[in-house]
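Here the sequence shown is numbered in the numbering used here, starting from 0 and rising by one per residue. Using N, Cα and C, we set each Cβ at its ideal position, and we do this for glycine too. Keep in mind the model is a prediction, meaning the values are calculated, not measured.
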Amino acid sequence: MADETSHAAWVERDAAVVWHGFTQMATYADNRPVVVERAEGRELIDVEGRRYLDAISSLWVTTLGHRVPELDDAVRAQLDRVAHSTLLGNGNVAAIELAEALAGRVPVDDPRFLFASDGAAAVEQALKIAFQSWTNRGVAGRTTYLAFGGAYHGDTIGSLSVGDGGFGTTVFDPLRFACVRTPGLDEPGAVDAAVALIAERADELAAVVVEPLVQGAAGIRVHPPEALAAVAAACREHDVLLIADEVATGFGRTGTLFACEQAGVRPDLMCLGKGITGGYLPLAATVAAGPVHRSFLGPDLSELTLYHGHSYSGNALACAVATRHLELFDEWGVLANVGARAEQLRSRLAADVAPLAPVAAIRQQGVMVGIELDPPADGLRWGRRVSAACVERGVLIRPLGDVVVVMPPLTTTGDEIDRIVDVVAASIADACR
Ligand SMILES: *Cc1c(COP(=O)(O)O)cnc(C)c1O
Numbered sequence: 000m001a002d003e004t005s006h007a008a009w010v011e012r013d014a015a016v017v018w019h020g021f022t023q024m025a026t027y028a029d030n031r032p033v034v035v036e037r038a039e040g041r042e043l044i045d046v047e048g049r050r051y052l053d054a055i056s057s058l059w060v061t062t063l064g065h066r067v068p069e070l071d072d073a074v075r076a077q078l079d080r081v082a083h084s085t086l087l088g089n090g091n092v093a094a095i096e097l098a099e100a101l102a103g104r105v106p107v108d109d110p111r112f113l114f115a116s117d118g119a120a121a122v123e124q125a126l127k128i129a130f131q132s133w134t135n136r137g138v139a140g141r142t143t144y145l146a147f148g149g150a151y152h153g154d155t156i157g158s159l160s161v162g163d164g165g166f167g168t169t170v171f172d173p174l175r176f177a178c179v180r181t182p183g184l185d186e187p188g189a190v191d192a193a194v195a196l197i198a199e200r201a202d203e204l205a206a207v208v209v210e211p212l213v214q215g216a217a218g219i220r221v222h223p224p225e226a227l228a229a230v231a232a233a234c235r236e237h238d239v240l241l242i243a244d245e246v247a248t249g250f251g252r253t254g255t256l257f258a259c260e261q262a263g264v265r266p267d268l269m270c271l272g273k274g275i276t277g278g279y280l281p282l283a284a285t286v287a288a289g290p291v292h293r294s295f296l297g298p299d300l301s302e303l304t305l306y307h308g309h310s311y312s313g314n315a316l317a318c319a320v321a322t323r324h325l326e327l328f329d330e331w332g333v334l335a336n337v338g339a340r341a342e343q344l345r346s347r348l349a350a351d352v353a354p355l356a357p358v359a360a361i362r363q364q365g366v367m368v369g370i371e372l373d374p375p376a377d378g379l380r381w382g383r384r385v386s387a388a389c390v391e392r393g394v395l396i397r398p399l400g401d402v403v404v405v406m407p408p409l410t411t412t413g414d415e416i417d418r419i420v421d422v423v424a425a426s427i428a429d430a431c432r
């Protein structure tokens, strides 16, 4: 029998009781999962002491690294006050302080923050707020949404509905509500098509939902700021609300604190998640611009109220760490490092990865990178094989189909970028031979 502390024993215990998301549990153990016991800096350490550079930021949530002393202290200090108290009808200091800090930073006019725990919930809230803001203003018929090809907004039924198919989610098609779909903004002619549809269907649209600059889950598909600006202008012109889903792009990933800033876009609703706590605790927020929020104001208990709210909304531990995280962005000059590392990644990938035969394209915005492989036949699982080869070499990578995603933490050093590119290049050469 295997040693009880061995990797094999942990995987067996894991598979016996834990159901992992987006994972076929019948083959989970065969794919050599990493079982993390602790971390140091940007390295995860498994149950047998092996180290892995976290080149996917723990699925895009980790920003400054793991076990950041300042963030650890923020959680500990809040523990000595209170861990959680409800935001339904009452307040807590940690949530107020976070909302005040974010208010000065989000590209949303006169913002109000409705907290939740996951990105999908932030999107769900935005969809419901957009819909009800029209009914509150006595406008009928605004019952659908315009969303983009390749979109991913989360896994609840509402967020799944504005998301496009794929990732094995077509099985849920009968549960999806209908929305108006237009090609992703990286496709030729897509901007004109989107603008025309907004003009044509404005009377039916509660909102347009967009992932600004980068469609992450679609395989890091990027579009220029001008494309986003054109969509935002059409929304304004035709009086359609704009929901910017910054769950993946928010908190520095694209080079600015929020992707909308690069297009000069100020959405009516914005969804925040993933990096908001630096990857520490589950927290998300729907940010509503003043005019949207005001459409919900009225007599106590009236139907103008937003009857929606989650149990852990505004969790004090999560809010405290999120506030400290935002301060560290400035104290450490995090965005300057993102700029430098993004440039380094761009030139190293162009020199050492783009020329490799299996690579069809490299897409990048800030420190979000998708390396699209071009397998000669279906079923070769190149994305999976390259990622496994990277893990074998001590760099944690997870693919999206045949797109190898590289999304290092924002504090990654130059040496770590070199290590990631070296390992990815070697793994592509090996695994696709
Ligand atoms: C990850 C993601 C979501 C969903 O967030 P969860 O916290 O996983 O629910 C929504 N939108 C975008 C753009 C994302 O990348």
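Residue 227 places its beta carbon less than 8 Å from that of residue 209. DSSP links residue 53 through a beta bridge to 395.
Counting the other Cβ atoms within 10 Å of the Cβ of residue 112 gives 16 or more, which makes it buried. For residue 78, the number of other beta carbons within 10 angstroms of its own is below 16, and it is reported as exposed. Between the alpha carbons of residue 60 and residue 199 lies a distance of about 38 Å.
Around the beta carbon of residue 364, 16 or more other beta carbons sit within 10 angstroms, so the residue counts as buried. Residue 128 sits in a helix when the DSSP states are folded into three classes. Ligand 1 has a heavy atom closer than 7 Å to the beta-carbon of residue 273.
With distances taken between CA atoms, residue 314 lies nearest to 86 out of 86, 357, 9. Look at residue 402: its beta carbon is at least 7 Å from all of the heavy atoms in ligand 1. For residue 243, DSSP records a beta bridge to 209, 269.
Counting only runs of 3+ residues, the beta strand (DSSP E) found wholly inside the segment 49–126 occupies 50–53, 111–115, in chain order. A distance of 8 Å or more separates the beta carbons of residue 403 and residue 420. In this structure, DSSP gives residue 25 a state outside helix and strand, which the three-state scheme calls coil. With a beta-carbon spacing of about 7 Å, residue 63 and residue 408 fall inside the 8 Å limit used to define contacts.
Between residue 347 and residue 360, the alpha-carbon positions lie close to 14 Å from each other. Residue 211 is classed as buried because its beta carbon has at least 16 other beta carbons within 10 Å across all chains shown. The nearest non-hydrogen atom of ligand 1 is less than 7 Å from the C-beta of residue 246. Going by C-alpha positions, residue 34 is about 16 Å away from residue 23.
The closest heavy atom of ligand 1 lies 7 Å or more from the beta carbon of residue 42.
Remark: the C-beta of residue 19 is outside contact range of ligand 1, defined as less than 7 Å to any heavy atom.
When secondary structure is reduced to three states using DSSP, residue 236 falls in the helix class. Between ligand 1 and the CB of residue 207, the shortest heavy atom gap is not smaller than 7 Å.
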